[in-house]
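Numbering (this note's numbering), first residue to last: 234 to 690. Reading through the C-alpha cells given below for one structure.
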Ligand SMILES: *Cc1c(COP(=O)(O)O)cnc(C)c1O
C-alpha cells in the first residue's frame, strides 16, 4: 500500500494540473450541494474490500463530487468570509502534506517550524506588539480564540487562590463572532454581551464594568474586542478598550480572525490603533492572508503564559523538552498536540511574492467594497445600510421581504452564477434582513459586482 506506483505519481500530477486549472478558469460555475441520496446514487459503493482503484475513485470525484462543493475562492462567492489562496500556497500545501512533518515539536519538525516562524514574525510585526510577542498557527480562529481565552483564564487563576475556585467571566459585544460564545462554553466561562453590533466603545465598556455586582466583578478576567466584525467589518475602539483593560487589570484579547489581514493595508491601518496593547490576538491567514484551509493564528504578548496553560506533560514527551531537542515547540502555545505545519504554505507564498503583493491584494478587497458601495448608492432600488467597512458591504433592496433575499440567493446559486447570502442587521431592538458582500478575492471584477446587483432588479 505504501510502495511507489509510477501511475499514481502521474495521476497526482494530473490532479494538480486539474486543480490549478480550476483556479485560473474564471468562467467556471459555482458548485452547489446535492442531497446525500443523490450523490450516493451517482457514485455507488466506493469503500469495498478490494478497493475500486484510484483512477475510478478520481473519476467519480471529478465527475460528481467536486461539482457538489462550492469553491470558496470563486470570484462571485461573496458570502460569509470567502477565501482566495494563492497558487503558490496551494502548491505548497500539497508539498506540506507530502512531507509528513510532525509540527508539534522542533525535534521532529525543525525545518517546517522554522519556516512557519518566519511567516509568524511578519504577522507579529504587523500588530506592533512589543519585543517578545510571538504566536503559533492553529486550525482556525475558533481554536485560536479558545487557546487565548484559556491562557487568560489560567493566568487569572494563578494570581489569586480565590480565582481557582471561581467560574471566570468575560465581556464582549453582540458583534463578536459566534466562536467566542461557543469557546467560552467549552472552557466553562460566562460571557456578558454589551448590546451593540456597532463599534464597542470605551465608555459603554466602562459603564458595563461599573454596573457589575461585586461578585461578578471579581469573576471578570478578560475583554474580547473584535478587529473587524464578521458581519459588517467593524473594528472596535481598540485603543479605548486597551485603556479600560489596563485600568481594570483585565486581559485584552482582540479577535481579528477576519480583519487581521487588513493590518497590512495602509488605507485602514489607523482603525486598528490600540491592537499593539493586546495580550493576545487571533488572525486567520486562511481568510485574508490568502492561505489554504486550514490556517489560523494566535499571538501572545507574553508567550510564556500560553506555555504555562497549554504545555502537555507526559513521560513519552519528556525527550522533546530536553536541552538536546532545543527549539520552539508550537504545541506548547495552543490546544493541539499533533499538528501539520499549516503555516508552511503561507511561508512559501510570502517568500514567493513578497509582502508588497500581499498589501496590494488586501487593498483591492477594500477597494472593491468601496466600488460596490458607490454602485449601490447610484442604484435607485438599492440602499446602503451603512458605509462599507474593511471589505464588508451591507445593503438593502428596497421593497424586499426576508423571503425575497432567500429566494434570490437560491436562484443565483442554482444557476451556478454567484453565492451572496442574506444576513441581519440590528436597528434599535429590531433585526432587519439585508444583503451582504464580503470581498477577499482580488480577482473579483467590477463586472462581477454589477452583474450581481443587476440580478436584484
Ligand atoms: C471566522 C471568524 C472566527 C472563526 O474562525 P474559524 O477559522 O472559522 O474557526 C472567529 N472570529 C471572527 C471575527 C471570525 O471572522
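Don't be surprised by glycine CBs; every beta carbon is placed ideally from N, CA and C.
Beta-carbon proximity list for residue i, same chain, < 7 Å, skipping 5 on both sides
i: residue 327; result: 249
i: residue 527; result: 372, 373, 519, 575
Own chain residues within Cβ distance below 6 Å of residue i, not counting five before or after
i: residue 439; result: 477
i: residue 675; result: 594, 597
i: residue 265; result: 646
i: residue 588; result: none
i: residue 353; result: 368
i: residue 297; result: 275, 276
i: residue 390; result: 396, 397
i: residue 299; result: none
i: residue 689; result: 630
Sub-8 Å separation of residue i and residue j beta-carbons
i: residue 516; j: residue 508; result: no
i: residue 569; j: residue 372; result: yes
i: residue 647; j: residue 629; result: no
i: residue 505; j: residue 339; result: no
i: residue 378; j: residue 407; result: no
i: residue 396; j: residue 656; result: no
i: residue 441; j: residue 457; result: no
i: residue 356; j: residue 542; result: no
Closest by C-alpha distance to residue i, when choosing among the options
i: residue 177; options: 631, 445, 521, 301; result: Past the boundaries of the shown model lies residue 177; the chain is included only from 234 to 690, so the question cannot be answered.
i: residue 677; options: 280, 302, 309; result: 309
i: residue 511; options: 471, 688, 263; result: 471
i: residue 563; options: 552, 576, 294; result: 576
i: residue 658; options: 625, 456, 457; result: 625
i: residue 318; options: 582, 666, 311, 460; result: 582
i: residue 240; options: 370, 571, 287; result: 287
i: residue 410; options: 246, 475, 454, 461; result: 461
i: residue 325; options: 305, 312, 348; result: 348
i: residue 668; options: 641, 661, 660, 679; result: 641
i: residue 451; options: 423, 362, 321, 365; result: 423
i: residue 540; options: 314, 366, 633, 638; result: 366
i: residue 687; options: 605, 622, 361, 660; result: 605
Counterpart residues of residue i in DSSP-defined beta bridges
i: residue 630; result: 615
i: residue 657; result: 666
i: residue 711; result: The requested residue 711 does not occur in the structure, where the chain is confined to residues 234 to 690.
i: residue 622; result: 625
i: residue 652; result: 310
Cutoff 8 Å; reference residue i; Cβ partners in own chain excluding five residues on either side
i: residue 279; result: 285, 290, 293
i: residue 592; result: 497, 498, 499
CB contact below 8 Å: residue i versus chain C
i: residue 477; result: In the displayed structure, chain C is absent; only one protein chain is listed.
Quick one: complete alpha helix (DSSP H) runs, 4+ long, within the segment 547 to 575?
-> Fully enclosed alpha helix (DSSP H) runs of 4 or longer: 551 to 554.
4 or more residues per run - each alpha helix (DSSP H) lying fully within the segment 255 to 299 | Listed in chain order, they are 269 to 276, 287 to 293.
Segments of 4+ residues assigned as alpha helix (DSSP H) that fall wholly inside the segment 330 to 410 = Runs of the alpha helix (DSSP H) inside the segment 330 to 410: 339 to 360, 374 to 392.
Fully enclosed by the segment 424 to 482, which beta strand (DSSP E) runs are 3 residues long or longer?
-> Here the runs fully enclosed are 453 to 459.
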